[in-house]
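To start, the structure itself, in structure tokens.
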Amino acid sequence: MYLWLTHIYRYDGNVAIEAPFLAVSLPGTSVDWNYSTVPQSSTLVPPADNHDTSGEVDPSAHGNGPIEVSLSGFPLEVDDIVVNSSKILGGRYAYNEDLNAGCTVGFGYMQNTIGGGERSSSGTAYFAPVEGRTNLDVLLNSRATKLLNSADDGDIPIFDTVEIAQSSLVSARLEVIMAAGAIGTPQILQLSGIGNSDVLSGLGIEPILDLPDVGQNLQDHPMAVAYYQVDSTKGWDDVTRNSTIFGEYLDEWESSRQGLFVDSPANVLAFMRLPEDAPIFEDYEDPSPDQCFAHTELIFVDGFAPFGAVAEPAIGNFITILAAVVSPLSRKSYNHSSLKLTSSQPLGGTVTLGSASPYDDPLIDPAFFTSDFDTYAMVQALNDVEELMTTSLWNGYILGAFGDLANATTNAGKLAFARENSFNVNHAVGTAFMSPVGSTTGVVNPDLTVKGAQKLRVVDASVFPYRTEQFSLLSPRVIRKLLSISQRNERRTLSRHNTAFHRNDLNAEMIRMYDTDENLWNLLSCPKSFES
């Protein structure tokens, strides 16, 4: 038995990489887009154990939104070892009091979307307070299978109807808004006849709108999983193996929202840059925008976290170190200032259909490690872990690398290890990417409408042209900003023509809500919350 809680880490990153979206998307509109004006959806609250957080977080860097964010509420043995080792080494390993305060490089404490010892999310913060409204309908236990075109032959396609798996149809009076994610959105679009016409025809799907970039440009962070055996019994391992101990901690959490289960089994992490003199920069341009962006990430889990086919050992105690490349070269296929394609770089992976059935999983190729830069960065991350462990604080704690990692003693060995033991970080973007109006590439326009279609928008992370280096909590705020401004402009246009305007937006999966731009903005803070 192993309890691996859902990733609930909050990391907003540096908004320098987000700003170009507004610059391109809102031509002629002056938008002051910097860290202080990022829509603040969260509020910093005390950790579950109410410990003194001085030096662990900068309260002035946080907002006052409804999502609660806190530091870890139960200390783990590896926490102090990691943080104090970073302070000893300094330099590339330097400690950063708050990784969400604007510069996102360094070692620091995890900030979780947790308040009062339990999960805080867009579901609890935005949906729960309004779920009783008469103008909100939520369709449960349903699955959108495709969009239907209501236009006459030869006219611009109008995708205003959603086909539900139970052979039901739901039609939107104004438009359909898709929020199925970077995997689900391209799957549904292709099932609906929107995509590469030749490919769709080969699958027996009638092509309606030829957009070859649907399902292309998939980007995510590759993550290698490294295990180390430790001489300690204070981590999660004995808890996950022993149902009695597990039950005791669960009872404590259910009764008081205290104890080990108030957080995921990782309290500290690091974002690091490659050495400035790394030879890889002789052949490749730095894919990160500036010195406050990391190339790699390390997460320190106090226990054995099984991934893939790896099973938790029956005996022994472990730590798991997740090493990810957060600035993959594939995202550099776009210029940060113009978002225009450059032909000299790779375009990421793909999400394609294996059949015309909506019940068959799509074919996903993340194209990890197809760039020498990405492989170099991953090997550097694994070497950085070893360097971190050279401080005396690890003496008597680390017994040695476990599994295949124990034999990965060279750079070539580490690369081979990473290729066999890497997974995605669930931060996929790019499969319905945005491009300027009139561009022959891309899937959506800057106002998030699907190119060449009517009554259809996409509001999830698939519209981002490149993988941002932070976690995915901040990115939807940019989408909300674009959608809110676009809808406000549409409202003004309709008002000038004395046309009654009434929002009736439909999430292509299950949700319809209309009220004000602000409520829609809030609702879309994390569209994935509403997937069944």
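Per UniProt numbering, numbering through the sequence shown is continuous, rising by one, with the last residue being 532.
Even for Gly, the Cβ is constructed at its ideal location relative to N, Cα and C.
Remember, it's a predicted structure, so these values are computed and weren't measured experimentally.
Cβ neighbour criterion (16 or more within 10 Å) applied to residue i
i, result
"Asn-504", "Note that Asn-504 scores 30 on pLDDT, short of 50, meaning its location in the model is unreliable; the coordinates nonetheless yield the value given after this. Classification for Asn-504: exposed."
"Lys-451", "buried"
"Leu-329", "buried"
"Gln-291", "exposed"
"Arg-376", "One point to set straight first is that residue 376 is Tyr, not Arg, in the sequence displayed. Buried, by the Cβ-count rule."
"Ser-201", "exposed"
"Arg-133", "exposed"
"Arg-173", "exposed"
"Glu-387", "exposed"
"Asp-137", "exposed"
"Thr-296", "buried"
"Leu-140", "exposed"
"Asp-286", "buried"
"Ser-255", "exposed"
"Thr-390", "exposed"
"Pro-129", "exposed"
"Asp-277", "exposed"
"Asp-365", "exposed"
"Leu-169", "exposed"
"Ser-54", "exposed"
beta-carbon residue i near the ligand MG non-hydrogen atom, thresh 7 Å
i, result
"Ala-180", "Ligands in the displayed structure: none, and consequently the ligand MG is not present."
Beta bridge counterpart(s) of residue i as assigned by DSSP
i, result
"Lys-87", "Paired residue(s): none; Lys-87 is not in a bridge."
"residue 536", "Residue 536 is absent from the model: the chain starts at 1 and stops at 532."
"Thr-449", "Arg-457"
"Pro-129", "Answer is none; Pro-129 lacks a bridge partner."
"Asp-365", "Thr-350"
"Tyr-376", "Note: Tyr-376 sits in no beta bridge, so no partner."
"Asp-210", "Gly-195"
"Ala-323", "Ala-224 and Leu-298"
"Arg-119", "Ile-114"
"Asn-149", "Phe-159"
"Tyr-95", "Phe-107"
"Ser-168", "Ile-164"
Nearest candidate by alpha-carbon position, reference residue i, set the options
i, options, result
"Asp-374", "Ala-314, Thr-352, Gly-354 and Ser-327", "Ser-327"
"Gln-219", "Pro-446, Gly-430, Thr-440 and Arg-419", "Gly-430"
"Asn-64", "Val-78, Asp-79, Thr-53 and Ser-42", "Ser-42"
"Phe-307", "Ile-321, Gly-316, Ser-197 and Asn-317", "Ile-321"
"Pro-157", "Glu-312, Asp-210 and Asp-302", "Asp-210"
"Gly-349", "Pro-129, Gly-193, Gly-215 and Leu-203", "Gly-215"
"Ile-88", "Leu-415, Gly-400, Thr-441 and Leu-393", "Leu-393"
"Arg-273", "Leu-382, Val-170 and Phe-368", "Leu-382"
"Asp-155", "Ala-453, Pro-465, Thr-145 and Val-458", "Ala-453"
"Ser-435", "Glu-97, Ile-177, Gln-190 and Asn-217", "Asn-217"
"Pro-358", "Ser-167, Leu-76, Val-459 and Val-444", "Ser-167"
"Gly-117", "Asn-50, Gly-438, Pro-465 and Gly-193", "Asn-50"
"Phe-107", "Ser-121, Ser-122, Gly-123 and Asn-84", "Asn-84"
"Glu-56", "Val-444, Asn-426, Leu-269 and Val-385", "Leu-269"
"Ala-367", "Phe-293, Asn-424, Ile-164 and Val-379", "Asn-424"
"Pro-47", "Asp-238, Asp-213, Leu-260 and Gly-204", "Leu-260"
"Ala-412", "Thr-440, Gln-380 and Ser-122", "Gln-380"
"Val-82", "His-221, Glu-163, Leu-189 and Asp-384", "Asp-384"
"Asp-238", "Glu-163, Ala-294, Asn-196 and Asn-317", "Asn-317"
"Lys-414", "Ala-323, Gly-123 and Ile-280", "Ala-323"
"Pro-279", "Asp-372, Glu-97, Glu-131 and Ala-406", "Asp-372"
"Gly-303", "Lys-234, Cys-103, Ser-54 and Pro-66", "Lys-234"
"Ala-165", "Ala-408, Arg-143, Val-437 and Thr-410", "Arg-143"
"Ile-205", "Gly-354, Asn-135, Ala-294 and Asn-426", "Gly-354"
"Ser-439", "Ser-171, Glu-312 and Pro-212", "Pro-212"
"Ile-188", "Asp-404, Asn-426, Ala-356 and Phe-433", "Ala-356"
"Ser-121", "Val-162, Glu-68 and Val-105", "Glu-68"
"Glu-97", "Pro-59, Val-78, Glu-77 and Gly-123", "Pro-59"
"Glu-312", "Met-378, Gly-403 and Thr-161", "Gly-403"
"Phe-271", "Val-45, Ser-86 and Phe-281", "Ser-86"
Expected contact under 8 Å - CB spacing of residue i and residue j to nearest Å
i, j, result
"Ala-182", "Ala-428", "4 Å"
"Ala-125", "Ala-61", "Ala-125 to Ala-61, Cβ: 19 Å. No contact."
"Thr-352", "Pro-362", "6 Å"
"Glu-175", "Arg-419", "44 Å between Cβ atoms; not a contact."
"Ile-208", "Gly-184", "Contact flag wrong, Cβ pair sits at about 19 Å."
"Lys-455", "Phe-159", "6 Å"
"Val-301", "Ile-319", "6 Å"
"Leu-99", "Thr-145", "That belief does not hold up - the Cβ atoms of Leu-99 and Thr-145 are roughly 41 Å apart, past 8 Å."
"Val-444", "Val-463", "5 Å"
"Ala-432", "Pro-186", "6 Å"
Stretch pair the stretch 106-116 + the stretch 248-265: three plus CB contacts closer than 8 Å: yes
At least 3 beta-carbon pairs within less than 8 Å: the stretch 80-96 vs the stretch 131-150: no
Three or more C-beta pairs below 8 Å linking the stretch 225-233 and the stretch 63-73: no
Cβ contact (3+ pairs, closer than 8 Å) linking the stretch 443-457 and the stretch 241-257: no
Inter-stretch contact (C-beta, 8 Å, three-pair minimum) for the stretch 396-403 and the stretch 229-238: yes
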